[in-house]
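The next block holds one structure in the form of structure tokens; read it before the comments.
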Amino acid sequence: METEKTTGLESHTQAQTAEKWRKYLLPVGLLLLFLLNILIFMEKFGFNFVNRYYKGILILTFINIILAVSLNLINGITGLFSIGHAGFMAVGAYVSALLSINMGEWGFLPPQIQSIIEFPLVLILGGLAAAFAGLLIGVPTLRLRGDYLAIATLGFGEIIRVVALNLGITRGARGIPGIPNHTNFWWAQFFAVITVVIIWNIVRSNHGRAMAAIREDEMAAEAMGVNITYYKVLSFTIGAFFAGLAGGLFAHYLSYIAPRSFDVLKTIEILLMVVLGGLGSITGSVIAAVVLTALPEVLRFLQAYRMVIYAGTLVLLMIFRPQGLFGRAEVDLTVFQALKSRAAEKTKSQPGERGGNGDSA
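Add 1467 to a position in the sequence shown, counting from 1, and you land on the number used in the numbering used here.
Dropping the structure here:
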């Protein structure tokens, strides 16, 4: 009996510690991001605080955040088991790259304006192409469940890779060189933030609650009137869109893509970020994407041993935290909600004060 009480107290203390830790995670993260933006912005004034190598790691981190968060919508929030995310990434990468190379002069816009509009436009078109592929694949395959769905999505990813290997327009195994190098820190950060905000709001909407209901108990959700097929396809299509967007950023960062960049190992890498962060946790996906992108670079000085340490770290995390770093928990927004409520109270009180002064006069 005493042992049970002690265990209960320990778990309660751990929960309280986790709550306090999560409360300050978002403010600290935003502060670090703000400082990072200032350091990189100072380049315009001749101060080079962040060199090209570290900026490259930051860009890849933002791309991986988009991939991890979008796959978490499918696997973590909706409870599907997709391992074809690299296929959607490939569709977005190839479509946006080919559009960029063959876009040419528009004529009706000055070149300076075209250069600003062209890049986000080709990224969105690449994302839409990936979303369309997700819709085509999702409608027939999402009737499958568990391992069967995983095999079907894995097959799709391999089909995309093999098609890219054999099509003349994709130049086969040689890949596509000469892609405009448009992806920089600012664009990658912008699209990563947009992705997180959109998916965060989807998860907290009625659509997100329907997806979570499917994850918890598909039969019960259907009995309650949830359109199972619609929400599965919607989740799959949205996830595919953002994977295609990330693929476009990836292509315009490296200025070269080839089919080998989108093999099954790429999907496993993205899936690892989702599982490590916690299935169903957007916060976990973001943190895991940052950690798993930076860790191999941090361990680079160890050369031959770095991949052993990297793999060992992941194994230990899976043993001691099988639910992932965050499980299904998210950052605590109470700090921002308190600030918002205070601002609202001040806004309400100001007109009242002016009205009171007017009456006395």
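The beta carbon of each residue, even a glycine, is placed where N, CA and C say it ideally should be.
Straight-line gap, residue i to residue j (C-alpha atoms, nearest Å)
i: G1791; j: K1815; result: 43 Å
i: Q1743; j: P1577; result: The amino acid at residue 1743 is misidentified as Gln; the sequence shows Leu. Computed Cα separation, rounded: 47 Å.
i: L1499; j: P1607; result: 44 Å
i: N1515; j: L1721; result: 22 Å
i: A1598; j: L1527; result: 22 Å
i: E1685; j: I1583; result: 45 Å
i: R1767; j: T1780; result: 15 Å
i: A1771; j: I1530; result: 27 Å
i: I1643; j: M1691; result: 49 Å
i: W1653; j: I1533; result: 14 Å
i: S1537; j: G1523; result: 21 Å
i: R1788; j: V1562; result: 39 Å
Which listed residue (the options) has its alpha carbon closest to that of residue i
i: V1517; options: I1526, K1511, I1524 and I1507; result: I1507
i: I1646; options: G1706, F1703 and G1714; result: G1714
i: I1544; options: G1635, I1724, F1703 and K1813; result: F1703
i: G1554; options: F1708, K1522, M1678 and F1586; result: F1708
i: I1705; options: W1667, A1688 and L1497; result: W1667
i: E1625; options: A1677, I1580, F1657 and A1557; result: A1557
i: F1729; options: V1630, A1778 and G1523; result: V1630
Cutoff 7 Å; reference residue i; Cβ partners in own chain excluding five residues on either side
i: L1611; result: A1619
i: G1822; result: Summary for G1822: the model assigns pLDDT 48, below 50, so the residue's position carries little reliability, and this model does not support an answer.
i: F1623; result: G1551, G1554 and I1604
i: Q1579; result: none
i: L1784; result: L1743
Residues of its chain near residue i, where Cβ-Cβ distance is below 8 Å and the 5 sequence neighbours each way are ignored
i: I1754; result: G1744, L1792 and F1793
i: I1776; result: L1766 and L1769
i: N1648; result: H1719, Y1720 and S1722
Residue burial classification, residue i (beta-carbon count within 10 angstroms, cutoff 16)
i: L1726; result: It should be noted that the sequence gives Pro, not Leu, for residue 1726. So P1726 counts as buried.
i: V1663; result: buried
i: K1472; result: Unreliable positioning characterises K1472 in this predicted model, as indicated by a pLDDT of 47, which lies under 50. The coordinate reading is nonetheless provided below. With fewer than 16 other Cβ atoms within 10 Å, it is exposed.
i: A1560; result: buried
i: K1699; result: buried
Sequence-distant residues of its chain with Cβ nearer than 6 Å to residue i (five each side left out)
i: G1751; result: G1744, G1745, G1791, L1792 and F1793
i: L1492; result: V1798
Segments of 4+ residues assigned as alpha helix (DSSP H) that fall wholly inside the segment 1551-1609: 1552-1569 and 1578-1608
Sequence ranges, beta strand (DSSP E) only - wholly within the segment 1658-1744, length at least 3: List check, beta strand (DSSP E) in window: nothing returned.
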